[in-house]
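Novice:
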Amino acid sequence: MKHFYTLLTSFLLTSCCLAQSGPYMFSGAGYQGNGQIGLLTKDAEAGIVLPALLASRDHGGWSVAAATRTGLKDLTEISGTGHLLLPWKDQIAVGIQYTGIEGYSEQRITFSYARRLFEKLNAAVQFDLNRNEAEEFDNVYVASWSVSFHAPIMKELSMSAWIYNPLGTESVLDLPSMARIGVLYEPSKKIGIAVEAEKDWRHDLRFKAGMLYQLHQRIAVRWGIGTKPSLVHAGITWNIFDSMALTGGWRYHSRLGSSLSASLSQYHIK
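Here our numbering is used: the first residue of the sequence shown is 1163, the next is one more, and so on.
1) Which two residues bound the contiguous alpha helix (DSSP H) that contains Gly1242?
2) Tell me the rounded alpha-carbon separation between Ser1310 and Ala1286.
3) Can the beta-carbon of Ala1396 be found less than 8 Å from the beta-carbon of Tyr1429?
4) Over the uninterrupted alpha helix (DSSP H) stretch that includes Gly1195, give me the two end residues.
5) Quick check on DSSP: helix, strand or coil for Tyr1429?
6) Can you grab the Cα-Cα spacing for the pair Ala1356 / Ile1199, in whole Å?
7) Quickly, what does DSSP pair Lys1370 with across the bridge? List them, please.
8) Here's the rule: buried if 16 or more other CB atoms are within 10 angstroms of the residue's CB, otherwise exposed. What is Ile1353?
9) If you reduce the DSSP assignment to three classes, tell me which class Ser1423 lands in.
10) Any idea what DSSP makes of Ala1214, helix, strand or coil?
11) Which of the three DSSP states, helix, strand or coil, is assigned to Ala1286?
12) If we count the other Cβ atoms within 10 Å of its Cβ and call it buried at 16 or more, is Val1334 buried or exposed?
13) For the stretch 1229–1246 and the stretch 1278–1292, state whether three or more C-beta atom pairs, one from each stretch, are separated by less than 8 Å.
14) Between the Cα of Thr1230 and the Cα atoms of Pro1314, Leu1426, Leu1422, which residue gives the shortest distance?
15) Just curious, the beta strand (DSSP E) that Phe1311 is in, first and last residue?
16) Residues in the same chain with beta-carbon distance under 8 Å from Ser1420, minus the five sequence neighbours each way, listed in chain order, please.
17) Between the Cα of Ile1343 and those of Asn1327, Leu1201, Arg1384, spot the shortest distance and give me the residue it belongs to.
18) Can you find the residues in the same chain that come closer than 6 Å, C-beta to C-beta, to Ala1323, ignoring five residues on each side of it along the sequence?
19) How long is the line joining the alpha carbons of Glu1360 and Ser1274, rounded to whole angstroms?
20) Tyr1347: buried (16+ other C-beta within 10 angstroms of its C-beta) or exposed?
21) Per DSSP, which one or two residues make a beta bridge with Met1340?
22) Exposed or buried, which one is Trp1224 when buried takes at least 16 other CB atoms within 10 Å?
23) Kindly indicate which three-state DSSP category Thr1168 falls into: helix, strand or coil?
24) Where does Gly1397 sit, in a helix, a strand or coil, going by DSSP?
25) Given that a residue counts as buried once 16 or more other Cβ atoms are within 10 Å of its Cβ, and exposed if not, what is Met1316?
26) Using only the alpha-carbon positions, how far apart do Ser1308 and Ala1382 sit?
27) Is Tyr1266 closer than 8 Å to Ala1296 when the C-beta atoms are compared?
28) Can you tell me whether DSSP reads Leu1175 as helix, strand or coil?
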């Protein structure tokens, strides 16, 4: 009976959150704080949420993060990612994500390859392996893939596109087929404003908006909102030791309540 209630709780959590598996899993505090918009991701977390961004960077990096939800102290969410600049200027990235509660857990490993195709177009392909584990049940493994694009159209304006599981592979683990299209406007070095449309073919079209504002050379604040379900995001990043950043994120979900997160990454605010 104890296992039944544990599995029931896990099922309700995942179904209310449009399923945890695949791209819905926790990836980091920066992404959580800025409205879950990939174009606003400034550290290695991009290796999970929008790998094409890495093609425009001239260095490698790493990020580790953890999150908790109010009222669910037994639920653990952690992630880590790192990317490496290759001698021919392409980037490779590896990410690990984990969500678990007593008796049930989900894991995801991603591998990404990003390169600059043209002066105004970056692209990446990502492969992921998803594993779900429940006590007294067989483990479930499912692989999928995605492609992403980043187009720095001009200094102030850039766009992104991301397509996940486009073939809609059906298996015992219900991975979504989905797409995101985003636009980022940066009127100055201190502020970035982004909007994004997201379509999971199992659900209604969603819209997101987010902002990253650099208050000081060492401090930046994040904010974001989303629809269907209603979401509110906030976060803050503090540059430490001129080579690392500590980020805190908060998200309010209209069905699941609040969650808090923290990330430590190699990059500093520019």
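We put the beta carbon where it would ideally sit given N, CA and C, even for glycine. Since this is a predicted model, take the numbers as computed values, not measurements.
Specialist: Quick answer:
1) From DSSP, Gly1242 is part of no alpha helix (DSSP H) but of the beta strand (DSSP E) over 1234–1247.
2) 5 Å
3) no
4) 1191–1195
5) coil
6) 7 Å
7) Glu1358, Gly1388
8) exposed
9) strand
10) helix
11) strand
12) exposed
13) no
14) Leu1422
15) 1302–1313
16) Arg1231, Thr1232, Trp1412, Arg1413, Tyr1414
17) Leu1201
18) Phe1311, Ile1343
19) 21 Å
20) exposed
21) Tyr1326, Asp1362
22) buried
23) Only weak support is given to the placement of Thr1168: the predicted model assigns it a pLDDT of 43, under 50, and the value that follows is read from those uncertain coordinates. Helix, per DSSP.
24) strand
25) exposed
26) 30 Å
27) yes
28) In this predicted model, Leu1175 has a pLDDT of only 43, less than 50, meaning its place in the structure is not dependable enough to derive any value.
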